[in-house]
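Peer 1:
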Amino acid sequence: MSEHVERLASQILRATLSQFEAQRQAAITTLDLYLHNSVGVGDHPDILNQVVEATKSLAEAEEAISSLQRNFLSSDEGPVPDVE
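Each residue of the sequence shown is one higher than the one before, counting from 135 in my numbering.
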């Protein structure tokens with residue numbers, strides 16, 4: 135693979151990881167608000183479904199990050215980007 139193509143692939147992978155890390159952080163923030171801040175609960179009458187959806191989003195993001203790291207980022211390819 136040419137250097138340009140490798141650089142582009144690396145940028146795409148890092149952008150994808152960043153997108154899933156942002157999803158992960160948003161889900162954690164949402165869950166923290168709902169579980170530890172009574173003001174957040176009062177604003178959402180359907181709190182259980184909101185917590186379920188945030189949990190699903192967190193799980194999806196964490197699985198996607200792990201999958202990309204397992205399959206495309208090995209120790210032979212250099213350091214794994216910090217996504218946590």
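In this text, a Cβ means the ideal position worked out from N, Cα and C, and glycines have one as well.
Just so we're clear, the structure is a prediction, and the values are computed from it rather than from any experiment.
Look at Arg158 and Ala195 and say whether their C-beta atoms are less than 8 Å apart.
Peer 2: Contact flag set, yes.
Peer 1: In terms of alpha-carbon separation, which member of Leu207, Val185, Thr150 lies closest to Leu169?
Peer 2: Closest option to Leu169, Cα to Cα, is Val185.
Peer 1: Is it right to say Ala193 is buried, meaning 16 or more other beta carbons lie within 10 angstroms of its own, or is it exposed?
Peer 2: Classification of Ala193: exposed, given that the 10 Å Cβ count is below 16.
Peer 1: Output yes or no for whether 8 Å exceeds the beta carbon distance between Thr150 and Leu202.
Peer 2: Taking 8 Å as the Cβ cut-off, Thr150 and Leu202 qualify as a contacting pair.
Peer 1: Using only CA atoms, which one of Ser136, Asn183, Ile199, Ala198 lies nearest to Thr164?
Peer 2: Among Ser136, Asn183, Ile199, Ala198, the Cα nearest to that of Thr164 is on Asn183.
Peer 1: Quick one: give me the first and last residue of the alpha helix (DSSP H) that Ser191 is part of.
Peer 2: Residues 181-206.
Peer 1: On the three-state DSSP scale, how would you describe Glu218?
Peer 2: Caution is warranted here: a pLDDT of 44 is assigned to Glu218, below 50, making its placement in the model unreliable, and no coordinate value can be reported.
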